[in-house]
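Q:
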Amino acid sequence: MSFDQKIPFILEHCELAVRLKGEKRGMLEMRRHLASYVRGQPGASEMRARLVVAEKIDDVKAVLCV
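Reminder that position 10 of the sequence shown reads as 31 in this note's numbering, one-by-one numbering, no gaps.
#1: Compute the distance between the beta-carbons of L55 and A70, then report whether it is under 9 angstroms.
#2: Taking the continuous alpha helix (DSSP H) assigned at Q62, which residues delimit it?
#3: Measuring CA to CA, which of M48, A65 and R60 is closest to K77?
#4: Can you tell me the Cα-Cα spacing of R60 and L72, whole angstroms?
#5: Considering only their Cβ atoms, is the gap separating H34 from M51 smaller than 9 angstroms?
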């Protein structure tokens, strides 16, 4: 599965976390998962640096270029 094919699943994971835990807590917990999702991708270091400070799903979408 390509990274582009994984993006909808990544976003769904974020949405579920936010729905279950609230935006602040859900996104805090998602940061570690987001970092692992981009591992091995071209530009992963830059993406990881931006994802580990993401506070909203829109921040994640901006990094993933959705």
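Each residue gets a CB set at the ideal place from its N, CA and C atoms; glycine is no exception. Every value quoted in this text rests on a predicted model; they were computed, and no experiment measured them.
A: For this structure:
#1: Residue mapping note: residue 55 aligns to position 34 of the sequence shown, counting from 1. Residue mapping note: residue 70 aligns to position 49 of the sequence shown, counting from 1. No, the pair does not count as a contact, with Cβ atoms beyond the cut-off.
#2: Within the sequence shown, the letter at position 41 stands for residue 62. For Q62, no alpha helix (DSSP H) encloses it, and the DSSP letter there is neither H nor E.
#3: Along the sequence shown, one-based indexing puts residue 77 at 56. With distances taken between Cα atoms, K77 lies closest to M48.
#4: For the purposes of this step, residue 60 is taken as residue 39 along the sequence shown, with counting starting at 1. For the purposes of this step, residue 72 is taken as residue 51 along the sequence shown, with counting starting at 1. Rounded to whole angstroms, R60 to L72 spans 12 angstroms at the Cα level.
#5: Taking the first residue of the sequence shown as 1, we reach residue 51 at position 30. Taking the first residue of the sequence shown as 1, we reach residue 34 at position 13. Pairing M51 with H34 gives a Cβ-Cβ distance under 9 angstroms.
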